[in-house]
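Residue numbers (my numbering): 1 to 344.
Ideal Cβ positions, reconstructed from N, Cα and C, are used throughout, including at glycine.
Scroll down for the structure; my scribbles are underneath it.
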Amino acid sequence: MFPPSKLGEYTVTQDIAEGTFGKVKMAIHTITGHKVAMKYISKAVIQREKTKTRVRREFEYMRTLRHPHIIKLYEVISTPTDIIFVLEYAGGELFNYIVTHGRMSEQRARRFFQQIIHGIEYSHRLKIVHRDLKPENVLLDDDLNVKIADFGLSNEISDGDFLTTSCGSPNYAAPEVIRGGVYAGPEIDVWSSGVILYVMLCGRLPFEDDDVQVLFQKITQGTFHLPSSLGHDARDLITQMLAVDPVKCITIQKILEHPFYKTDLPRYLQPLPPPPRTCPRRAQLARRARAAARLRDHRGAGPHRGGRRRAARGPHGGRHEGGQAVARSARGELHSSLRIVVRG
Numbered sequence: 001m002f003p004p005s006k007l008g009e010y011t012v013t014q015d016i017a018e019g020t021f022g023k024v025k026m027a028i029h030t031i032t033g034h035k036v037a038m039k040y041i042s043k044a045v046i047q048r049e050k051t052k053t054r055v056r057r058e059f060e061y062m063r064t065l066r067h068p069h070i071i072k073l074y075e076v077i078s079t080p081t082d083i084i085f086v087l088e089y090a091g092g093e094l095f096n097y098i099v100t101h102g103r104m105s106e107q108r109a110r111r112f113f114q115q116i117i118h119g120i121e122y123s124h125r126l127k128i129v130h131r132d133l134k135p136e137n138v139l140l141d142d143d144l145n146v147k148i149a150d151f152g153l154s155n156e157i158s159d160g161d162f163l164t165t166s167c168g169s170p171n172y173a174a175p176e177v178i179r180g181g182v183y184a185g186p187e188i189d190v191w192s193s194g195v196i197l198y199v200m201l202c203g204r205l206p207f208e209d210d211d212v213q214v215l216f217q218k219i220t221q222g223t224f225h226l227p228s229s230l231g232h233d234a235r236d237l238i239t240q241m242l243a244v245d246p247v248k249c250i251t252i253q254k255i256l257e258h259p260f261y262k263t264d265l266p267r268y269l270q271p272l273p274p275p276p277r278t279c280p281r282r283a284q285l286a287r288r289a290r291a292a293a294r295l296r297d298h299r300g301a302g303p304h305r306g307g308r309r310r311a312a313r314g315p316h317g318g319r320h321e322g323g324q325a326v327a328r329s330a331r332g333e334l335h336s337s338l339r340i341v342v343r344g
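Printed below as a string of structure tokens:
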């Protein structure tokens with residue numbers, strides 16, 4: 001603990017973690033009381049470690065990602081010594097939850113797993129692969145909802161392109177990453193998610209050894225034990241997710257259709273139903289009606305017709321009447337969009 005300090009609109013209250021490039025601190029917005037996490041990235045360290053690209057990449061990806069189960073980036077503050085990511089606060093960690101509670105029931109593990117997969121499927125749709133999924137990077141909020149964090153090792157994927165960088169944590173790394181081979185990207189997130197599911201259900205790692213070389217051998221051979229207590233659907237899904245051959249590894253889309261994932265799936269995670277089919281004749285009549293309405297509006301809108309002028313919308317949603325912007329209230333809209341603040 002340390003005495004609270006001010007940083008712009010925030011009161012920084014305490015350290016909560018130690019990162020690769022600096023500390024993570026908890027802060028409170030002085031007006032709203034909103035709790036946030038501040039990830040400090042030392043400018044001196046990233047210059048020395050030549051990791052500017054990694055920090056820039058994490059910023060770009062987190063600015064893009066907006067999902068209920070991915071940590072949100074609210075704003076970035078630059079000081080003479082640090083770059084500070086102001087992030088959504090989540091006080092828990094899946095790793096600590098597993099250490100405290102041990103192996104979980106299928107119902108509890110399934111809930112965490114559904115949220116992880118939904119977040120990863122969303123990031124993959126945006127061509128972003130995480131590449132370092134592990135319980136330490138799966139945070140939990142006060143309601144035990146998943147918040148996937150730390151996109152520092154993420155990369156962008158393109159159709160037909162392959163990645164070669166070996167990254168991630170050894171116990172959760174896919175065989176193709178261990179071998180240093182090429183990989184498309186999404187399949188290594190599937191593998192890591194499979195390891196996480198195994199850990200949640202079994203209370204231990206599927207691949208572990210004190211000797212790193214032996215550990216790598218176990219991973220590349222795909223040798224692991226499934227307890228007989230696991231249900232059929234859980235066993236089947238883990239086996240498909242931890243397939244050594246990436247071609248045989250189950251895809252995210254197939255996971256979304258798997259019975260283990262679909263059981264007790266909350267409505268907000270369910271795919272939207274397809275739009276209702278419209279009769280071609282009815283659609284044609286509707287288009288004609290809209291065109292006729294536009295024509296009537298055009299004929300009736302003379303340059304000097306009486307009546308009150310409708311207020312125009314400004315670029316930020318405010319209204320302009322007589323040249324004066326009527327700004328929307330900012331109360332309750334903290335962090336509605338990302339901003340970058342430079343402090344001397």
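Three-state secondary structure (DSSP) of residue i
i	result
Glu9	coil
Gly180	coil
Asp142	coil
Gln284	helix
Met62	helix
Asp82	strand
Lys218	helix
Ile250	coil
Glu106	helix
Gln240	helix
Gly91	coil
Gln114	helix
Lys52	helix
Asp297	helix
Asp15	strand
Lys147	strand
Proximity below 8 Å, CB of residue i to CB of residue j
i	j	result
Val244	Thr220	yes
Leu94	Ile71	no
Ile148	Asn137	yes
Phe260	Arg48	no
Val199	Ile98	yes
Phe224	Ile178	no
Glu187	Pro246	yes
Asp142	Gly185	no
Glu58	Phe207	no
Tyr89	Ala37	yes
Neighbourhood of residue i by C-beta distance below 7 Å, restricted to the same chain and skipping five residues each side
i	result
His67	Gly119, Tyr122
Ile83	Ile41, Lys43, Val55, Val76
Asp236	none
Asp209	Leu215, Lys218
Lys52	Ile46
Glu156	With a pLDDT of only 47 at Glu156, under the threshold of 50, the placement of this residue in the model should not be trusted; the figure read from the coordinates follows. Result list for Glu156: Lys127, Ile128, in chain order.
Leu230	Leu201
Delimiting residues of the beta strand (DSSP E) encompassing residue i
i	result
Ser78	73-78
Ile41	35-42
Met200	First-last for Met200: 186-202, but that is the alpha helix (DSSP H), not the beta strand (DSSP E).
Lys25	23-29
Integer-rounded CB distance, given that residue j should sit under 8 Å from residue i
i	j	result
Ile238	Leu197	6 Å
Met26	Lys39	No, Met26 and Lys39 are not in contact; Cβ-Cβ is about 11 Å, not under 8 Å.
Leu140	Asp189	Wrong, their Cβ atoms sit about 19 Å apart, outside the cutoff.
Glu9	His29	6 Å
Leu201	Glu106	7 Å
Ile46	Phe85	That belief does not hold up - the Cβ atoms of Ile46 and Phe85 are roughly 13 Å apart, past 8 Å.
Ile252	His130	12 Å between Cβ atoms; not a contact.
Same chain only: Cβ atoms within 6 Å of residue i, ignoring 5 sequence neighbours per side
i	result
Gly203	Gly102, Arg103
Ile255	Ile117, Tyr261
Met241	Val190, Gly194, Ile250
Ile16	Val24, Met26
Arg290	none
Ser169	Lys134
Pro274	none
Chain-order list of residues whose beta-carbon lies under 8 Å from that of residue i (same chain, five-residue window excluded)
i	result
Val146	His69, Leu94, Phe112, Gln115, Ile116, Gly119, Val138, Leu139, Leu140
Leu126	Thr64, Leu65
Gly222	Pro175, Leu242, Ala243, Val244
Asp233	His258, Pro259, Phe260, Thr263
Ser5	Thr11, Val12
Residue i beta carbon near the ligand FMN (any heavy atom closer than 7 Å)
i	result
His118	As for the ligand FMN, it is missing from this structure, which has no ligand bound.
Segment limits, alpha helix (DSSP H) that includes residue i
i	result
Phe260	259-262
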